[in-house]
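First comes the structure, then the notes that go with it.
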Amino acid sequence: MSTLVRGGTVVTGDGSTVVEPGAVVMRDGRVSDVLERWEFPAHFDGEVIDASGCVVMPGLINSHTHGVTPGALFPSAAPPLPEHRWMGHLDRHLLAGTTTVLNLCGFASMDDVREADRRHAVHVRGATTHLPNCLRAAETADGKGLPPDAGDLTVERMLEDGAIVIGELGGGQTLGGGGQDLVYIPAAIEKASGIRISNNQARRIKEAVLGRFIDVKAINLVELAEAAEEAGLAEAFTATELMKLVADTVLPSITPALDGIREGVRAAARFGVPAIVHSAAATGGVIRELMTDTRNKDVRVVAAHANHPSHTPAEALDLAKLGHDAGWAAEASVFDLLHRKHTVTTREHWDLLLQDPGLISVLATDYGHDGHHDELISAVQDVAASGHRSLAGAVAMAASAVADLIPGLASGGGRLERGSPADVVVASAGDFRDVRFVFVDGVCVVRDGQLTSEAHR
Ligand SMILES: [Zn+2]
859 MSTLVRGGTV VTGDGSTVVE PGAVVMRDGR VSDVLERWEF PAHFDGEVID ASGCVVMPGL
919 INSHTHGVTP GALFPSAAPP LPEHRWMGHL DRHLLAGTTT VLNLCGFASM DDVREADRRH
979 AVHVRGATTH LPNCLRAAET ADGKGLPPDA GDLTVERMLE DGAIVIGELG GGQTLGGGGQ
1039 DLVYIPAAIE KASGIRISNN QARRIKEAVL GRFIDVKAIN LVELAEAAEE AGLAEAFTAT
1099 ELMKLVADTV LPSITPALDG IREGVRAAAR FGVPAIVHSA AATGGVIREL MTDTRNKDVR
1159 VVAAHANHPS HTPAEALDLA KLGHDAGWAA EASVFDLLHR KHTVTTREHW DLLLQDPGLI
1219 SVLATDYGHD GHHDELISAV QDVAASGHRS LAGAVAMAAS AVADLIPGLA SGGGRLERGS
1279 PADVVVASAG DFRDVRFVFV DGVCVVRDGQ LTSEAHR
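For the sequence shown, the positions run 859 to 1315 when the numbering used here is used.
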């Protein structure tokens, strides 16, 4: 099977090459040529796609996703999503030009990961957090998605079975973050009172009780009274009851989750694989400790969402600079800060970290609100349009830089060059979210913005 994509601006993904107008030739699942205008063939023995007005780039690689397999969800090992949801998440990744995802729900099994990989055109890769403290943190916060044999699995066995990183180490669900606001605090309040509150109301109550750094000494009774009133809970709970409910929901998993981060980075050193650590206000202390520990100097550690909004912008910048000096890599997550703005309403951290040319090496999405994150390809366009990187540099942050950072995620991928896998995206130059065509291994899986029958297997 052969395809010629011609006439668009070809951004090869290597960080510097742009061919305008250029053409990409795919044969037998591989890129066989990247051509310049005067080399375009007059006749071609396959499908010819006119990419005028479009950008042609490698299929994007997203190193921070959740909920893209039938396995346990999040670092808290919540119950798996039903099939239509995890397949739906993969559909949305693919329709937005992402052809490879790393599932950072570290308690999904490799059978779960392989099932997703087999059934959907997106390449799905897996991670592991099968470590004693990570497991304890998950079981304390939730753990309802754990299979009966989860306690028998180890990081070593998972890596032998194909997992490629240790992560996500820590998470909002186990560390008093957004996952608590969205799921566990509202559930505990509903169970006790029958009243359903929103994630913003839960966050306000949690911060009144425990502050931003999750500390019982941070209690602010005036703010708690106002937050309870605003959430319609003033009649249902006394201040003491609400404090106890929040503390009992949030605190028990914190110590094992923080110890799990230390344990995960040690395991990464032992097994020679990358560790991906949840960066947020709640983990800032442990991250600083690990960054300055010289025993970790040869470990590849990635600070996930270095732009997490629980940091103040100045804290995020400080931590990213410390990480840079310690040899850590940093990923910036777009969350939903560009368009949907449900979980993250500020782009201050994003711009502050990205405007420094050396601090952020890769872009990802994380989960957003219930899986509705902004598109990775939109993050790429934003980074270029904001002047933080050239277009070639921005594409590389979701392509070759990710493939290079995480061995096994997309070997030879993230680049359009002779011999690389034919994972190719054609998107409107005006709005990259208008993705016209996507090819995976040379097979057309998105045509005119719609999934083809080849997208599901
Ligand atoms: Zn995270």
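Cβ atoms here follow ideal geometry from the backbone N, Cα and C, with glycine treated the same way.
In this text, all values refer to a predicted model and were calculated from it rather than measured experimentally.
(request) Examine ligand 3 and report whether any of its heavy atoms sits within less than 7 Å of the Cβ of Gly1001. (result) Of the ligands this structure carries, namely ligand 1, none is ligand 3.
(request) State whether the stretch 988-995 contacts the stretch 1116-1126, with contact taken as three or more CB pairs (one from each stretch) at a distance under 8 Å. (result) Yes, the stretch 988-995 is in contact with the stretch 1116-1126.
(message) Using only CA atoms, which one of Gly880, Ile1024, Ala966 lies nearest to Gly1399?
(response) For residue 1399 there is no data in the structure shown, the boundaries of the chain being 859 and 1315.
(message) Comparing C-alpha positions only, which one of Met859, Phe902, Asp908, Gly904 sits nearest to Val868?
(response) Val868 has its Cα closest to that of Asp908, out of Met859, Phe902, Asp908, Gly904.
(request) Counting only the same chain and skipping the five closest in sequence on each side, list residues whose C-beta sits under 6 Å from that of Glu1081. (result) Annotation for Glu1081: Ala1066 place their beta carbon closer than 6 Å to its own, counting only its chain and skipping 5 residues before and after.
(message) For Asp886, tell me which candidate among Thr1310, Asp1306, Cys1302 has the shortest Cα-Cα distance.
(response) Measuring from the Cα of Asp886, the nearest candidate turns out to be Cys1302.
(request) Have a look at the DSSP bridge pairing and note the partners of Val863. (result) Val882, Ile907
(message) If the criterion is Cβ atoms closer than 8 Å, does the pair Leu862 and Ala935 meet it?
(response) no
(message) If I measure Cβ to Cβ from Asp1292 and keep anything under 8 Å in the same chain, skipping five residues before and after, which residues do I get?
(response) Ala1285, Ser1286, Gly1307
(request) Have a look at Leu1177, Val1282, Asp1194 and flag the residue whose alpha-carbon is nearest the alpha-carbon of Val1144. (result) Leu1177
(request) Determine the DSSP secondary structure at Asn1165, reduced to helix, strand or coil. (result) coil
(message) Restricting to Cα atoms, I'd like to know which of Thr1223, Glu1275, Val906, Ala974 is closest to Ala954.
(response) It is Thr1223 whose Cα lies nearest to the Cα of Ala954.
(request) Would you kindly check if the distance between the Cβ of Met1149 and the Cβ of Leu1180 is under 8 Å? (result) Cβ atoms of Leu1180 and Met1149: closer than 8 Å.
(request) Output the distance between the C-alpha atoms of Pro1265 and Ile1022, rounded to the nearest integer angstrom. (result) 7 Å
(request) Taking only the alpha-carbon atoms, compute the straight-line gap between Thr1203 and Ala900 and give it to the nearest angstrom. (result) 50 Å
(message) Shorter than 7 Å, the distance from the beta carbon of Asp1224 to the closest heavy atom of ligand 1, or not?
(response) Checking the Cβ of Asp1224 against ligand 1 gives yes.
(request) Could you name the residues of the same chain whose beta carbon sits closer than 6 Å to that of Glu1312, not counting the 5 residues immediately before and after it, in chain order? (result) Within the same chain, Glu1312 has close Cβ partners Val1301, Val1303.
(request) Throw me the rounded Cβ distance for the Asp1194 and Ser1244 pair, which I believe falls under 8 Å. (result) Asp1194 to Ser1244, Cβ: 17 Å. No contact.
(request) Find the nearest neighbour of Trp944 within the set Ser890, Leu1212, Gly1229, judged by alpha-carbon distance. (result) From the listed residues Ser890, Leu1212, Gly1229, the smallest Cα separation to Trp944 is found for Gly1229.
(message) According to DSSP, simplified to helix, strand and coil, what is Leu1082?
(response) The DSSP-derived three-state label of Leu1082 is helix.
(request) Express the C-alpha separation of Arg1158 and Pro1132 in angstroms, rounding to a whole number. (result) 5 Å
(request) Pick out whichever of Leu1027, Val1108, Ser1051 has its Cα sitting closest to the Cα of Leu962. (result) Leu1027
(request) Put Gly1181 into one of helix, strand or coil per three-state DSSP. (result) helix
(request) Using alpha carbons as the reference points, say which of Ala1188, Val982, Leu1211, Asp1156 lies closest to Pro1171. (result) If we check each option's Cα against that of Pro1171, Leu1211 comes out closest.
(request) Please go through the same chain and pick out, in chain order, the residues whose beta-carbon is closer than 7 Å to the beta-carbon of Ser1111, but skip the five residues on each side of it. (result) Ala995, Thr998, Ala999, Thr1032
(request) Identify the continuous alpha helix (DSSP H) that holds Asn920 and give its terminal residues. (result) Element bounds for Asn920: not the alpha helix (DSSP H) but the beta strand (DSSP E), 918-923.
(message) For Leu1267, which residues in the same chain have their Cβ closer than 7 Å to its Cβ, ignoring the five residues on either side in sequence?
(response) Closer than 7 Å at Cβ, skipping near neighbours: Ile919, Ser921, Thr958, Leu960, Arg983, Ile1022, Val1260, Ala1261.
(request) State the Cα-Cα distance for the pair Glu973 and Ala1097, rounded to the nearest angstrom. (result) 47 Å
(message) Using DSSP's beta-bridge definition, name the partner residues of Ser1286.
(response) Looking at the DSSP assignment, Ser1286 forms a beta bridge with Cys912.
(message) Beta-carbon within less than 6 Å of Pro879's beta-carbon, same chain only, minus the 5 sequence neighbours each way: which residues are those?
(response) Excluding its 5 nearest sequence neighbours in each direction, Pro879 has C-beta neighbours in its own chain below 6 Å: Gly865, Arg895, listed in chain order.
(request) For Pro1215, write down the residues that DSSP places opposite it in a beta bridge. (result) Paired residue(s): none; Pro1215 is not in a bridge.
(request) May I ask whether a heavy atom of ligand 1 can be found less than 7 Å away from the beta carbon of His1231? (result) no
(message) Helix, strand or coil, according to DSSP, for Asp891 in the structure here?
(response) strand
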